[in-house]
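In this note's numbering, the protein residues as written are 1088 to 1190. Each residue gets a CB set at the ideal place from its N, CA and C atoms; glycine is no exception.
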Amino acid sequence: MTPMITNEEYTQPACTSEHKQFFFEEHAVGCFEDQLPSSPGQYRYISLRGPGHLRLIERLASTGAQRCHYVLEGEKHYFIVIKAPRQDILLVHAHTPIQSMSD
């Protein structure tokens, strides 16, 4: 069973592993359920309610592919999201080189 985070406004699934959380701009979007994106393909995720997920979905609809990232061992790993065909799936086009947190 997925742990839940609660507050006065809503209840949402918690990330069970912090290193699987990913971001759009600097806002958390969700958590990958299985592996982190390392090549083109479809990746399952659990969305987090908040500005990150909302902005990503809006930008995908209005302007197309968007760059997101996750942090692993202090390094940002970027990937390009082409679309979200379902609420729990991201279609990733590419994985870009690592950038340190100081970049």
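Contact between E1145 and Y1132 does not hold, since the beta-carbon distance rounds to 17 angstroms and is not under 8 angstroms. Secondary structure at P1138: helix, using DSSP grouped into helix, strand and coil.
With 16 or more other Cβ atoms inside 10 Å of its own Cβ, G1117 counts as buried. About 5 angstroms separates the beta carbons of I1167 and A1181, which is inside the 8 angstroms limit, making them a contact pair. The Cβ atoms of P1124 and V1158 do not sit closer than 7 angstroms to each other. Shown here, L1143 sits in a helix according to DSSP, grouped into three states. Residue pairing for I1133: DSSP places it in a beta bridge opposite C1118. For L1159, the uninterrupted beta strand (DSSP E) segment begins and ends at 1153-1159. In the DSSP assignment, P1127 falls outside any beta strand (DSSP E), carrying neither H nor E.
The C-beta separation of Q1129 from I1176 comes to about 5 angstroms, placing the pair in contact by the 8 angstroms criterion.
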